[in-house]
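Each residue of the sequence shown is one higher than the one before, counting from 63 in my numbering.
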Amino acid sequence: APASLLPARSAQTSPHPRSGGWQARVMSNVNAISCPKEEILRRLQRETTCSSCCSALRVMIQRPVRELNLLDSFVSHEDETGYVLKEDLSSQSALEDACAKFPLQEWLKNCQPLKRDKRCPMHTNSRHIFNSADLWEDMWAEMSSSQKTCICTVNAEELHDKLWQHCTDKHHLCKDCRNNVMWAFDKLTKKDLPPVGSEAEQEAELASLQAYFDVDKSKEGSICVHAPALPTILYHYEDTLAEESENSSKGRHAPTRQAGLSEMLCVVGRLLLRKVLTSYQSSLEEEQNQQLLLRLLLSHFHE
Ligand SMILES: [Zn+2]
Ligand SMILES: [Zn+2]
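This is the structure:
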């Protein structure tokens, strides 16, 4: 048989890959199938009673397909007809396989509120995520390196405010101690501070900072914590909290710059802990929402 009559799939082994591309394009014009976004929202409304799932998906369908990695592996692009499925889903059997792999009904169990809740378990939990603080190690272990980097990039202004609260309202440090705490922050955000202390002291202080922070990458707007140092910082924060509850009557001091750094690490630890928890929760939500979106989309072709 002439090569042009072979099915598109065998073109992969063809010595002329261009002909495969041409066939595929023709097929896509003939068989392109799409699902309007309004149809997905209609199904969503019908299938789940969790108001957070509904609002999350309304926001999600506004995002570019490229950002939604699960959807991106099934959808080629979007146009005025809605989400256009990829060419390799244009046959009935391929589509049925995909629907079998991502069934809607199974997944909907995750998205339904339990008993008298208004939201599904996932979205109910997001309001109590700070109660799961003792699970941060497991969460951290599951994270991707880009997620970790994002957590470890701390907004300098936010940290400054938290440090100031820590030194004043929270622990009422005297001016000298406060200066020692703020010294570490200034060292990270401003490159040219007048040197204080002996050369050996300065070297030791810089080495301490560098153990936790990427001093060169940190600048005015953000402060970069070394990702591998995060667990140490969080243990330090937890230890300090435990000590604090034991000797609550003792006044708090930071008599040296090293002690100031230790105080700053507590504040950084608290901030990082919150970021680990919220980032973990939002990645779980992202996963559940993307699954729901894909399954709603596929169900449009299945019924
Ligand atoms: Zn929900
Ligand atoms: Zn003091």
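Ideal placement from N, C-alpha and C gives every residue a C-beta, glycine not left out.
Of the residues Gln350, Leu354, Gln352, Ser344, which one's Cα is nearest the Cα of Met201? When each option's Cα is compared against that of Met201, the closest is Ser344.
Within this structure, are the beta carbons of Asn172 and Gln350 separated by less than 8 Å? Asn172 is a Cβ neighbour of Gln350, given a cutoff of 8 Å.
Give me the DSSP bridge partner(s) of Val137. Beta-bridge pairing links Val137 to Leu147.
Per DSSP, which one or two residues make a beta bridge with Asn217? Beta-bridge partners of Asn217 (DSSP): Ser284.
For the segment 315 to 335 against the segment 234 to 246, are there 3 or more C-beta pairs whose distance is under 8 Å? A contact exists between the segment 315 to 335 and the segment 234 to 246.
Beta-carbon proximity list for Ser270, same chain, < 7 Å, skipping 5 on both sides: Contacts found: Gln320, Leu323.
Among the residues of its own chain, which have a CB less than 7 Å from the CB of Pro175, if the five just before and after it don't count? Closer than 7 Å at the Cβ level, and outside the excluded window around Pro175, lie Thr111, Cys112, Arg181, Cys182.
Report yes or no: do three or more beta-carbon pairs, one from the segment 143 to 155 and one from the segment 96 to 105, lie closer than 8 Å? Cβ pair count under 8 Å is three or more, so yes.
Does Val92 pass the burial test, meaning 16 or more other C-beta atoms within 10 Å, or should it be called exposed? Note that Val92 has pLDDT 49, beneath the 50 cutoff, so the model's placement of it is unreliable and the number below is only indicative. With fewer than 16 other Cβ atoms within 10 Å, it is exposed.
Exposed or buried, which one is Ala273 when buried takes at least 16 other CB atoms within 10 Å? The residue in question, Ala273, is exposed, as its Cβ has fewer than 16 Cβ neighbours within 10 Å.
Excluding sequence positions up to five away, which residues of its chain have a Cβ less than 6 Å from the Cβ of Leu68? In this prediction, Leu68 has a pLDDT of 41, which is less than 50 and means its spatial position is unreliable; what the coordinates show is noted afterwards. Closer than 6 Å at the Cβ level, and outside the excluded window around Leu68, lies no residue.
Rounded C-beta distance between Ala316 and Leu235? I'm assuming under 8 Å. Going by Cβ atoms, the distance from Ala316 to Leu235 rounds to 6 Å, so yes, they are a contact pair.
Cβ neighbours of Glu347 in the same chain (closer than 8 Å, five flanking residues each side left out): Contacts found: Ala118, Met184, His185, Ser188.
Beta carbon of Leu292 nearer than 8 Å to that of Cys214: Using a Cβ distance threshold of 8 Å, Leu292 and Cys214 count as a contacting pair.
Please tell me whether, using a cut-off of 7 Å, the distance from the CB of His315 to the nearest non-hydrogen atom of ligand 2 is below it. Yes, since a heavy atom of ligand 2 falls inside the 7 Å radius drawn around the Cβ of His315.
So what's Phe192 in DSSP terms, helix, strand or just coil? DSSP places Phe192 in the helix class (H, G or I) of the three-state scheme.
Just how far apart, CA to CA, sit Glu205 and Leu355? Correcting the residue identity first, residue 205 is Met in this sequence and not Glu. Just so you know, the alpha carbons of Met205 and Leu355 end up roughly 23 Å apart.
For ligand 1, which residues count as neighbours when the test is a C-beta closer than 6 Å to any heavy atom? Those residues are Cys112, Ser114, Cys115, Cys173, Arg181, Cys182, Met184, His185, given in chain order.
Pull up the distance between the alpha-carbon of Cys116 and that of Cys161, whole angstroms please. About 21 Å.
Cα-Cα, which of Leu166, His233, Arg108 is closest to Thr302? Of Leu166, His233, Arg108, the residue nearest in Cα terms is His233.
Counting C-beta neighbours from all protein chains within 10 Å, is the total for Lys249 16 or more, i.e. buried, or is it exposed? By the C-beta density criterion, Lys249 is buried, having at least 16 other C-beta atoms within 10 angstroms.
Since Leu166 and Leu157 are thought to touch, with beta carbons under 8 Å apart, how far apart are those beta carbons, to the nearest angstrom? About 14 Å separates the beta carbons of Leu166 and Leu157, which is beyond the 8 Å limit, so they are not a contact pair.
Boundaries (first-last residue) of the alpha helix (DSSP H) holding Met183: In the sequence as displayed, the identity of residue 183 is Pro instead of Met. 183 to 187 is the extent of the alpha helix (DSSP H) around Pro183.
Coil, strand or helix - Ser152 by DSSP: Here Ser152 sits in coil by DSSP.
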